[in-house]
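A quick write-up on the structure given underneath.
There are 2 protein chains.
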Amino acid sequence: MTTEENILNAARKVFISKGFDGARMQEIANEAGINKALLHYYFRTKERLFEQIFSEAFNQIRPAFLAALQPETDIKRFVRTFVTSYFSLLNQMPYLPNFVIGELNRDPQRLVKLLGKQQIPVEAIRAMLQREIDNNNMHYIDPRHFMVHTISLIVFPFVARPIITALFLDHNPEAYQQFINARQEEVISFILRSIEPNNAEA
Amino acid sequence: MTTEENILNAARKVFISKGFDGARMQEIANEAGINKALLHYYFRTKERLFEQIFSEAFNQIRPAFLAALQPETDIKRFVRTFVTSYFSLLNQMPYLPNFVIGELNRDPQRLVKLLGKQQIPVEAIRAMLQREIDNNNMHYIDPRHFMVHTISLIVFPFVARPIITALFLDHNPEAYQQFINARQEEVISFILRSIEPNNAEA
DNA sequence: GTCTATATGGCGATAGAC
DNA sequence: GTCTATCGCCATATAGAC
Chain A
3 MTTEENILNA
13 ARKVFISKGF
23 DGARMQEIAN
33 EAGINKALLH
43 YYFRTKERLF
53 EQIFSEAFNQ
63 IRPAFLAALQ
73 PETDIKRFVR
83 TFVTSYFSLL
93 NQMPYLPNFV
103 IGELNRDPQR
113 LVKLLGKQQI
123 PVEAIRAMLQ
133 REIDNNNMHY
143 IDPRHFMVHT
153 ISLIVFPFVA
163 RPIITALFLD
173 HNPEAYQQFI
183 NARQEEVISF
193 ILRSIEPNNA
203 EA
Chain B
3 MTTEENILNA
13 ARKVFISKGF
23 DGARMQEIAN
33 EAGINKALLH
43 YYFRTKERLF
53 EQIFSEAFNQ
63 IRPAFLAALQ
73 PETDIKRFVR
83 TFVTSYFSLL
93 NQMPYLPNFV
103 IGELNRDPQR
113 LVKLLGKQQI
123 PVEAIRAMLQ
133 REIDNNNMHY
143 IDPRHFMVHT
153 ISLIVFPFVA
163 RPIITALFLD
173 HNPEAYQQFI
183 NARQEEVISF
193 ILRSIEPNNA
203 EA
């Protein structure tokens, strides 16, 4: 492992758990088993080191938005694939959403720099949904709300882990892990039931 | 307005937008139009001032969990009431969830002190759901997942405002406000469709 | 109660030896 | 490339005049 990788690993750990404002260069240096001066030798400023970690984190989350979007797939397959792959990502890095969301709220301008004019291909999603509606495979739903529903159901419980563990799971961390494990199928069937065709509007 | 209220107003504004680590006592003093020493005269430490703001914020969110839980109501009424009152709260204080969630992740122990052994009355919710299932008014669903689904659909778009605005709404803040306004009914019908009885499992 | 002035410590960053 | 030592600043907090 090179020194640079070593520093990035340490910085990732500290920034993700403490955020930019809460992180200390000294703590990153300790974590990496080196000293502060070397951090500045490699990355000049705290801000630059942070940029690396943040954009890396952001780019890990971003592709999942698009991965499941293969135009030929039917809606059930799309939901299953999207939910499954997103859960699998978040199970591996459960603190990522919190970090990204927290820092984006601290400095929303960061998004402009990272994303530019890139958008979710709402039109592609709309086309898929429209085709499935025409085929009577699903009930009408606004594509943007459909995507935000889906993402909310997946991501929010990771962001709100402490409060869910306290309020619903008796402060028991193991119960939280079980809860999350069960959730993947719960979310899939909750979504699929809602978009089933031929249900009377409530 | 007393000096103490004045300080609390300023502290609320600064802590909620910057978080504990990002907030500066000097900024709070400026915001209140007084000087730093007076902050310490009234609240001794930054930590103590923060505690006041945080527990106040937390206690504004908490009762909404319970407000709609009147045992005699049917499930449709429950969903409508819960979603509507929660949206109305968040429309008035859209930055609250971010603040509370962010600080709880920074220090989850805070919850133990604020909540003690208090829990969401899962049993009361389970009883309501079971009665509605027996009456054939809804399809079976696990009560904890049902509540987490509902809360996720409501709260997440407030927490993820910047990313939603960028990815789905072309960086347009007015589009975000429209989107949130439409969302209340979208969420209600999404939930109600999913729990409708007599739908084939997908 | 409210202010000015200051103590005290920690932070990011740099100088310079090796 | 890596270290020790230190600069300069800014943070929270306190002392003490009014």
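So the protein sequences, as listed, match chains A and B.
Using our numbering, the first residue of the first sequence is number 3, and each one after it goes up by one.
Using our numbering, the first residue of the second sequence is number 3, and each one after it goes up by one.
For glycine and all other residues, C-beta sits at the position ideal for the given N, C-alpha and C.
Three-state secondary structure assigned by DSSP to B/Leu71: coil
Member of B/Leu10, B/Leu98 and B/Pro110 whose CA lies at the smallest distance from the CA of A/His173: B/Pro110
So what's A/Arg79 in DSSP terms, helix, strand or just coil? helix
Determine, for B/Ala168, whether the minimum Cβ-Cβ distance to residues of chain A falls below 8 Å. yes
Which word fits A/Ser90, buried or exposed, when buried means at least 16 other C-beta atoms lie within 10 angstroms of its C-beta? exposed
Between B/Asn138, B/Thr47, B/Asp136 and B/Ala184, which has its C-alpha nearest A/His147's C-alpha? B/Ala184
B/Leu98 and B/Gln54: beta carbons closer than 8 Å? no
Answer yes if the stretch 92-107 of chain A comes into contact with the stretch 5-21 of chain A, meaning at least three C-beta pairs across the two stretches below 8 Å, and no otherwise. yes
Sorted by chain position, which residues of the same chain lie with C-beta nearer than 8 Å to A/Phe170's C-beta, five sequence neighbours on each side aside? Phe181
So the candidates are B/Val161, B/Met130, B/Ser196 and B/Arg14; which of them puts its Cα closest to the Cα of B/Phe80? B/Met130
In angstroms with no decimal places, state the Cα-to-Cα distance between B/Ala205 and B/Phe56. Since the first and last residues shown for chain B are 3 and 204, residue 205 of chain B lies out of range.
Measure from the C-beta of A/Ala162 to each C-beta in chain B and report whether the shortest distance is under 8 Å. yes
Could you name the residues of the same chain whose beta carbon sits closer than 8 Å to that of B/Gln28, not counting the 5 residues immediately before and after it, in chain order? Lys38
Count the other CB atoms, across all protein chains shown, that sit within 10 Å of the CB of A/Met3; report buried if there are 16 or more and exposed otherwise. exposed
Cutoff 8 Å: B/Asn107 Cβ touching any chain A Cβ: yes
Every unbroken alpha helix (DSSP H) within the stretch 158-198 of chain B, with a cutoff of 4 residues, ordered by chain: 163-170 and 175-197
Check: A/Met3 C-beta below 7 Å from any heavy atom of the ligand FMN: The ligand FMN is absent from the structure shown, which contains no ligand whatsoever.
Three-state secondary structure assigned by DSSP to A/Gly118: coil
In the DSSP assignment, find the unbroken alpha helix (DSSP H) run with A/Tyr44 in it and report its ends. Lys38 to Phe45
Closest by CA to A/Tyr44, which one among A/Leu68, A/Asn61, A/Glu6 and A/Lys15? A/Glu6
Smallest Cα separation from A/Lys115: which of B/Ala168, B/Arg133, B/Val161 and B/Pro199? B/Ala168
Who are the neighbours of A/Phe192 on chain B, taking C-beta pairs under 8 Å? Ile143, His147, His151 and Ser196
Kindly indicate which three-state DSSP category B/Ala204 falls into: helix, strand or coil? Residue confidence is low: B/Ala204 scores 42 on pLDDT, short of 50, so the model does not pin down where it sits. Its coordinate-derived value is still stated next. Correct three-state label for B/Ala204: coil.
Just verifying my parser: in three-state terms, what is the DSSP assignment at B/Ile133? The sequence shown places Arg at residue 133 of chain B, not Ile. B/Arg133: helix per DSSP, three-state reduction.
Residues of the stretch 39-73 of chain B in Cβ contact with chain A at a cutoff of 7 Å, in chain order, please. none
Reducing DSSP to helix, strand and coil, say where A/Met3 ends up. coil
Please identify, using Cβ separations under 8 Å, the residues of the stretch 4-18 of chain B that lie next to chain A, in order along the chain. none
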